[in-house]
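If you're matching positions, the sequence shown starts at 1 in UniProt numbering and goes up one per residue. In this text, a Cβ means the ideal position worked out from N, Cα and C, and glycines have one as well. See below for the structure under consideration.
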Amino acid sequence: MANLSALLENSAQKYGDRKAIVFGDSSFTYAQVNGAANQVANLLVARGIQPGDKVALSCPNLPYFSIIYYGILKAGATVVPLNVLLKGREVAYHLADSEAKALFAFEGTADLPIGEAALEGFDATDTCTEFFLIKLDSSAPAPLEGPEFYAPLVGEQPPTFETVERDDDDTAVILYTSGTTGQPKGAELRHRNMRDNALTGEKLFGADAENPDTYLCVLPLFHSFGQTVIQNGGFAYGGTVVMLPRFEAEPAIGLMLREKVTFFAGVPTMYWGLLGALTDDVPVETLAANLRVAAAGGSALPVEVHKQFKDRFGVTILEGYGLSETSPVASFSVWGEEPRVGSIGVPIPGVEMKLIDAEWNDVDDAPTEDGKSAIGEIAIKGHNIMKGYYNRPEATAEAIRDGWFRSGDLGRKDADGFYFIVDRSKDMIIRGGYNVYPREIEEVLMSHPAVSLVAVIGVPHESHGEEIKAVVVKNKDHDDVTEETLVAWGKEQFAAYKYPRIVEFRDELPMTSTGKILKRELS
């Protein structure tokens with residue numbers, strides 16, 4: 001069956017009694033999750049949702065997310081996951097832009113009132129006519145007026161449903177890009193895009209349904225990384241997904257120990273957080289004995305974090321690369337081989353990559369004296385490439401040509417076909433006419449014992465155009481380090497046009513909901 005929901009249905013048929021989801025002290029079998037998703041599908045059909053209609057979902061990492069996600073798909077509709085941090089105005093934009101007909105939203109907490117923002121957005125749109133509020137405690141008084149409660153409505157529906165058949169090229173999910181420039185755009189991902197990407201788990205990670213993994217789900221499920229690698233990939237191979245609504249290092253380590261987690265995937269700042277939370281009381285040997293796979297993506301993994309994790313956990317982090325527009329995985333370390341630290345690996349099966357210039361011309365990828373090719377923008381082609389940006393033909397034409405998608409990321413390639421990210425093309429700093437790649441500077445600064453985390457940015461300069469600035473979180477054991485010390489040290493490490501002349505210390509760096517450092521908020 002082409003419908004992406006077959007990943008859940010097939011496992012429910014084969015492994016109905018297995019644990020599919022663990023949340024807190026509760027667990028849900030594959031049969032239970034599939035039955036609950038059928039109830040959601042029945043509700044949507046009863047409310048007039050037609051195949052191809054868009055249904056939005058605003059929910060953190062809770063069992064409800066997976067149940068509703070697959071329920072929407074079973075009904076033949078398209079899932080529009082929303083970032084739970086969106087405000088009312090932003091929710092309204094996403095609902096209107098995607099032309100969503102219905103919205104499921106978690107009520108949230110006092111600190112993160114998801115339901116209130118969703119209601120504000122819902123009231124500001126005309127196309128969205130159904131709003132279902134998800135409450136953890138269905139007996140508590142309603143905090144909002146207007147939406148209908150999810151639980152009693154779904155509870156009235158039968159747990160059986162004949163899934164609506166979809167074609168491979170029908171849109172399964174619309175994932176909104178982060179919107180670093182202009183308004184966020186909705187990447188239309190086909191059923192085959194999402195399904196085929198999830199089913200690469202066997203070759204990329206050695207996934208085996210007869211020896212299923214236990215996945216710690218700390219990556220937000222509304223984002224492509226967590227959605228494909230953890231949720232869809234985990235369900236495809238009959239694994240158990242342990243959900244944590246918000247990444248915090250100490251609770252994450254506690255769950256890894258309690259649930260004997262074998263598969264951890266995260267962005268670099270999550271690995272940095274895990275390392276920082278290791279104390280003498282944490283049985284690292286037990287964590288390492290359980291952990292089979294550690295996968296990183298989302299942004300470049302600092303070499304220093306890679307080394308420290310290997311030293312402490314005895315597990316080598318496998319690094320990959322992708323974007324929302326590529327479902328998301330495009331390249332990954334080669335399973336069974338020692339990873340090349342700093343590399344994003346090679347294209348996954350069925351995917352091609354190459355380096356291009358601004359005019360789409362191929363860049364000479366023959367290795368130079370340092371063993372790597374010239375720098376070019378990474379372009380990707382294969383089963384993972386989106387259909388396009390929803391209702392944005394011009395933006396689609398700019399991003400995709402002859403099946404090739406231009407990523408916006410600058411990279412190099414070695415003689416063996418392994419790719420290395422240099423930086424985002426938009427993050428490149430031009431100082432006095434010289435190109436400076438922040439990631440290179442960050443990698444070196446991270447090796448200084450006083451630097452725990454760093455982001456390098458360009459700031460306006462009267463004569464040079466841009467000056468290089470490092471925003472640093474200090475290592476707690478080196479609180480006495482000064483700006484002058486790091487500037488002088490950098491001068492010894494880099495060419496004169498590269499080293500940071502400005503260093504600013506902060507207690508923390510701003511991050512997106514997916515754990516990426518938000519450089520646009522630094523200045």
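Is residue i helix, strand or coil by DSSP?
i           : result
residue 332 : strand
residue 375 : coil
residue 91  : helix
residue 354 : strand
residue 525 : Because the chain is modelled from 1 through 523, residue 525 falls outside the range shown and cannot be assessed.
residue 165 : coil
residue 443 : helix
residue 518 : coil
residue 511 : strand
residue 251 : helix
residue 285 : helix
residue 393 : helix
residue 210 : coil
residue 295 : strand
residue 306 : helix
residue 180 : Because the pLDDT of residue 180 is 45, which lies under 50, any placement of that residue in the model is unreliable, and the question is left without a value.
residue 49  : coil
residue 324 : helix
residue 230 : helix
Within 10 angstroms of its Cβ, does residue i collect 16 or more other Cβ (buried), or is it exposed?
i           : result
residue 482 : exposed
residue 32  : buried
residue 353 : buried
residue 166 : buried
residue 49  : buried
residue 90  : buried
residue 478 : exposed
residue 526 : Past the edges of the chain, shown from 1 to 523, lies residue 526, and the structure says nothing about it.
residue 279 : exposed
residue 39  : buried
residue 386 : buried
residue 181 : Residue placement at residue 181 cannot be trusted, given a pLDDT of 48 that sits under 50; what the coordinates show is reported in the next sentence. It counts as exposed.
residue 489 : buried
residue 220 : buried
residue 213 : buried
Please work out which residues of its chain come closer than 6 angstroms, Cβ to Cβ, to residue i, disregarding the five sequence neighbours upstream and downstream, and give them in chain order.
i           : result
residue 224 : 175, 324, 328
residue 292 : 262
residue 459 : 467, 469
residue 287 : 256
residue 379 : 354, 356, 404, 406
residue 294 : 264, 315, 317
residue 235 : 7, 8, 11
residue 193 : 327, 384
residue 309 : 271, 317
residue 524 : Since the displayed the chain opens at 1 and closes at 523, residue 524 lies outside it and no answer follows.
residue 423 : 410, 437, 438, 439
residue 515 : 267, 269, 270
residue 322 : 328, 329, 330
residue 304 : 446, 447
Might you give, ordered along the chain, the residues of its own chain that have their beta carbon closer than 8 angstroms to the beta carbon of residue i, omitting 5 neighbours on each side?
i          : result
residue 47 : 102, 130
residue 17 : 29, 30, 31
Excluding the 5 residues preceding and the 5 following residue i in the sequence, name in chain order all residues of the same chain whose CB lies nearer than 7 angstroms to its CB.
i           : result
residue 503 : 470, 472, 483, 486, 487
residue 415 : 367, 371
residue 282 : 253
residue 335 : 203, 204, 205, 206
residue 99  : 54, 127
residue 452 : 473, 474, 475
How far does the beta strand (DSSP E) with residue i in it extend, from its first residue to its last?
i           : result
residue 494 : That residue, residue 494, is in no beta strand (DSSP E); it is neither H nor E in DSSP.
residue 412 : 404 to 413
residue 474 : 465 to 474
residue 344 : It is not in any beta strand (DSSP E) - residue 344 carries neither H nor E in the DSSP assignment.
residue 54  : 54 to 58
residue 101 : 100 to 106
residue 130 : 130 to 134
Please list the terminal residues of the continuous alpha helix (DSSP H) segment that includes residue i.
i           : result
residue 45  : 30 to 46
residue 272 : 268 to 277
residue 86  : From DSSP, residue 86 is part of no alpha helix (DSSP H); its letter is neither H nor E.
residue 66  : 63 to 74
residue 348 : Looking at the DSSP string, residue 348 is not in any alpha helix (DSSP H), and its letter there is neither H nor E.
Assuming residue i and residue j are in contact, meaning their beta carbons sit under 8 angstroms apart, how far apart are those beta carbons, in whole angstroms?
i           : j           : result
residue 342 : residue 320 : With a Cβ gap of about 13 angstroms, residue 342 and residue 320 do not count as contacting.
residue 73  : residue 117 : Not a contact, Cβ separation roughly 25 angstroms.
residue 395 : residue 260 : No, residue 395 and residue 260 are not in contact; Cβ-Cβ is about 45 angstroms, not under 8 angstroms.
residue 189 : residue 217 : In fact, because the Cβ distance is near 20 angstroms, the residues do not count as touching under 8 angstroms.
residue 44  : residue 55  : 7 angstroms
residue 80  : residue 57  : 7 angstroms
residue 84  : residue 51  : About 27 angstroms separates the two Cβ atoms, so there is no contact after all.
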